[in-house]
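*Asks:* What follows is a single structure, and I will ask about it in a moment.
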Amino acid sequence: SDRRFFVGGNWKMNGDKATIDGLVKMLNDDALDSKFTEVVVAPTSVYLDYTRKNLSANIGVAAQNCYKAAKGAFTGEISPAMVKEMGGDWVILGHSERRHVFGESNELIGEKVKFALEQGLKVIPCIGEQLPEREAN
Numbered sequence: 000s001d002r003r004f005f006v007g008g009n010w011k012m013n014g015d016k017a018t019i020d021g022l023v024k025m026l027n028d029d030a031l032d033s034k035f036t037e038v039v040v041a042p043t044s045v046y047l048d049y050t051r052k053n054l055s056a057n058i059g060v061a062a063q064n065c066y067k068a069a070k071g072a073f074t075g076e077i078s079p080a081m082v083k084e085m086g087g088d089w090v091i092l093g094h095s096e097r098r099h100v101f102g103e104s105n106e107l108i109g110e111k112v113k114f115a116l117e118q119g120l121k122v123i124p125c126i127g128e129q130l131p132e133r134e135a136n
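In the numbering used here, the protein residues as written are 0 to 136.
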């Protein structure tokens, strides 16, 4: 079978180059066998390129978010093409923090997912549950 386990790590708004160096060393030295497990990490967008350049090629790099447009007056946003140019091949979309802290709607998330897929990114979809919801099953 071509199915593999998937292990993803969202670094959220954490890390600096020294921290990333330590994580990258650990992952490069001890990563799971890519034949059986796909490993993807999601640094903050400012460290996408740095992480990709230092991480083993068999470990994927994801952006934590991207927008539904290729370019434009969208301060602070990044496009799928920017993610790809920085070495990312994945993006996390629909995360609960994007929904609850930044007010992203299902409609907007759907538009972002559609555009990211059209632009050739692989998407890690999140259903957006908060901790109390998850703990309540």
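By construction, the Cβ of each residue, glycine as well, lies at the ideal position given by its N, Cα and C atoms.
Since the structure is predicted, the reported quantities are computational estimates derived from the model, not experimental observations.
What residue from Lys-121, Ala-61 and Glu-96 has the CA that sits closest to Leu-130's CA?
*Replies:* Numbered from 1 along the sequence shown, position 131 holds the residue referred to as residue 130. If we check each option's Cα against that of Leu-130, Glu-96 comes out closest.
*Asks:* So what's Glu-103 in DSSP terms, helix, strand or just coil?
*Replies:* Locating residue 103 in the sequence shown gives position 104, counting from the first residue. Note: Glu-103 maps to coil in three-state DSSP.
*Asks:* Could you compute how far the alpha carbon of Met-25 sits from the alpha carbon of Lys-67?
*Replies:* Walking along the sequence shown from the start, residue 25 turns up at place 26. Walking along the sequence shown from the start, residue 67 turns up at place 68. So the alpha carbons of these two residues sit roughly 34 Å apart.
*Asks:* If we call anything under 8 Å between Cβ atoms a contact, is Thr-43 one with Met-12?
*Replies:* One-based indexing of the sequence shown puts residue 43 at position 44. One-based indexing of the sequence shown puts residue 12 at position 13. Yes, they are a contact pair.
*Asks:* Report yes if the CB atom of Val-6 is closer than 8 Å to the CB atom of Val-45, and no otherwise.
*Replies:* The count along the sequence shown starts at 1 and reaches residue 6 at position 7. The count along the sequence shown starts at 1 and reaches residue 45 at position 46. Result no, Cβ atoms of Val-6 and Val-45 do not sit closer than 8 Å.
*Asks:* Keeping to the same chain, check which residues put their C-beta closer than 7 Å to that of His-99; ignore five residues upstream and five downstream.
*Replies:* Residue 99 sits at position 100 when you count from the first residue of the sequence shown. These residues qualify, in order along the chain: Gln-129.
*Asks:* Does DSSP classify Pro-42 as helix, strand or coil?
*Replies:* Counting from 1 along the sequence shown, the entry for residue 42 is found at position 43. If DSSP states are grouped into helix, strand and coil, Pro-42 belongs with coil.
*Asks:* Could one say the Cβ of Gly-21 lies closer than 8 Å to chain B's Cβ atoms, at least one of them?
*Replies:* Here chain B cannot be found, since the structure has a single protein chain.
*Asks:* Grouping DSSP H, G and I as helix and E and B as strand, with all else coil, what is Glu-110?
*Replies:* Walking along the sequence shown from the start, residue 110 turns up at place 111. The answer is helix: DSSP assigns Glu-110 an H, G or I state.
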